[in-house]
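In my numbering, the protein residues as written are 107 to 295. This report concerns only the one structure given below.
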Amino acid sequence: MNQKFHKFVFNKILGWRGAEGEGLIPEDKAIILAAPHTSIYDFVIGFFYYRSMGGRLKIMIKKEAFFWPLGPILRHLGAFPMDRSNPQAMMMSIIHEMEKPDTKCMLTICPEGTRKAVHKWKMGYHKIGRECNLHVYLAHLDYKTRVIGSGSNNPITLTDDARADTDRIQQMYEDMHLTALHPDGYTTK
107 MNQKFHKFVF NKILGWRGAE GEGLIPEDKA IILAAPHTSI YDFVIGFFYY
157 RSMGGRLKIM IKKEAFFWPL GPILRHLGAF PMDRSNPQAM MMSIIHEMEK
207 PDTKCMLTIC PEGTRKAVHK WKMGYHKIGR ECNLHVYLAH LDYKTRVIGS
257 GSNNPITLTD DARADTDRIQ QMYEDMHLTA LHPDGYTTK
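What follows is the structure, encoded as structure tokens:
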């Protein structure tokens, strides 16, 4: 499927638009944090948004979602299953893949780690980003305005302090005043 098709679906069928001045991430490898995440529909919107600009994403989704017939469809769309029962092994596998010189990947992670409201976001993205020397971008969806952005204009360089970086990122999302599809499932505090 081509870029025009994805743009048509994104704009005309789904009724969304991209944030003004934002586009593809200007790097071959990066981490994209995506929030708010309260519905599988967030994946659909994000997928069509990035593909409408000609981009390709790799998206981590819990392995339980990869049942027949959804599993093959998700893989085709760029998703890969993650086994949350062994987070360390999963993270090391991702780091190993991202460190390969020929890997081109926009690794998209929902830092909340679930579609329910959580006060402390997951910090696995931080270890991956630090180990692989990757910038982090803050993708954002707002169901009230039906605008999504990639955060392409504001790369974040991570420090040695995962908790401080995550708190800072949560505050940045808070300052965006985003409305989730299910608002009771999203909090940044």
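Note that CB positions come from ideal geometry on N, CA and C, so glycine has one too.
(request) Can you grab the Cα-Cα spacing for the pair S191 / Y156, in whole Å? (result) Within the sequence shown, numbered from 1, the residue matching residue 191 stands at position 85. Within the sequence shown, numbered from 1, the residue matching residue 156 stands at position 50. Straight-line Cα distance between these residues: approximately 30 Å.
(request) With DSSP as the reference, label R181 as helix, strand or coil. (result) Counted from its first residue, the sequence shown places residue 181 at position 75. In this structure, DSSP gives R181 a helical state, which the three-state scheme calls helix.
(request) Look at the alpha carbon of R269 and the alpha carbon of M229, and state the distance between them as a whole number of angstroms. (result) Position 163 of the sequence shown holds residue 269. Position 123 of the sequence shown holds residue 229. The alpha-carbon atoms of R269 and M229 are separated by roughly 8 Å.
(message) Does the distance between the C-beta of N260 and the nearest non-hydrogen atom of the ligand COA fall short of 8 Å?
(response) Within the structure as shown, the ligand COA is missing, as the structure has no ligands at all.
(request) Can you tell me which of L240, C216, G124 puts its alpha carbon nearest to the alpha carbon of I262? (result) On the sequence shown, position 156 is the one that residue 262 refers to. That would be L240, whose Cα lies nearest to the Cα of I262.
(message) Can you give me the C-alpha to C-alpha distance between V242 and T214, rounded to a whole angstrom?
(response) To locate residue 242, count along the sequence shown from 1; it is residue 136. To locate residue 214, count along the sequence shown from 1; it is residue 108. Whole-angstrom Cα-Cα distance: 10 Å.
(message) For a test of the three-state rule: what should DSSP assign to G235, helix, strand or coil?
(response) As a working mapping, residue 235 is identified with position 129 in the sequence shown. G235 falls in the helix class under three-state DSSP.
(message) For F173 and Y147, I'd like the C-alpha separation in whole angstroms.
(response) Against the sequence shown, residue 173 aligns to sequence position 67. Against the sequence shown, residue 147 aligns to sequence position 41. Cα-Cα distance, rounded: 17 Å.
(request) Report the residue from M212, K110, M282 whose alpha carbon sits nearest the alpha carbon of A125. (result) Looking up residue 125 in the sequence shown gives position 19. Residue M282 is the option with its Cα nearest to A125.
(request) Write down every uninterrupted run of the beta strand (DSSP E) in the region 134-177 whose length is 3 residues or greater and which is fully enclosed by it, in chain order. (result) 135-141, 164-168
(request) With Y243 as the anchor, note down where its beta strand (DSSP E) starts and where it stops. (result) If you number the sequence shown from 1, residue 243 lands on position 137. Note, Y243: beta strand (DSSP E), 242-248.
(request) Pair every Cβ in the region 218-234 with every Cβ in the region 149-165, then say whether three or more of these pairs are closer than 8 Å. (result) no
(request) List the endpoints of the continuous alpha helix (DSSP H) containing M278. (result) Locating residue 278 in the sequence shown gives position 172, counting from the first residue. Residues 268-282.
(request) For G219, name the three-state secondary structure that DSSP assigns. (result) Locating residue 219 in the sequence shown gives position 113, counting from the first residue. Note: G219 maps to coil in three-state DSSP.
(message) Short of 6 Å in beta carbon distance, which residues of its chain neighbour K250, apart from the five on each side in sequence? Order them along the chain.
(response) Taking the first residue of the sequence shown as position 1, residue 250 is located at position 144. Within the same chain, K250 has close Cβ partners T285.
(request) Identify the continuous beta strand (DSSP E) that holds I254 and give its terminal residues. (result) In the sequence shown, counting from the first residue as 1, residue 254 sits at position 148. Taken as a continuous stretch (DSSP letters only), the beta strand (DSSP E) holding I254 covers 253-255.
(request) May I have the straight-line CA-CA distance separating I119 from I167, to the nearest angstrom? (result) For the purposes of this step, residue 119 is taken as the residue at position 13 of the sequence shown. For the purposes of this step, residue 167 is taken as the residue at position 61 of the sequence shown. Rounded to the nearest angstrom, the two C-alpha atoms are 25 Å apart.
(request) Pick helix, strand or coil for I119, following the three-state DSSP scheme. (result) Stepping through the sequence shown from its first residue, residue 119 is reached at position 13. Residue state, collapsed to three classes: helix.
(message) Determine whether the beta carbon atoms of I201 and I165 lie at a separation below 9 Å.
(response) Translated into positions along the sequence shown, residue 201 becomes position 95. Translated into positions along the sequence shown, residue 165 becomes position 59. No, they are not a contact pair.
(message) Relative to the C-alpha of C216, which candidate in I275, D134, G121, L130 has its C-alpha closest?
(response) As a working mapping, residue 216 is identified with position 110 in the sequence shown. It is I275.
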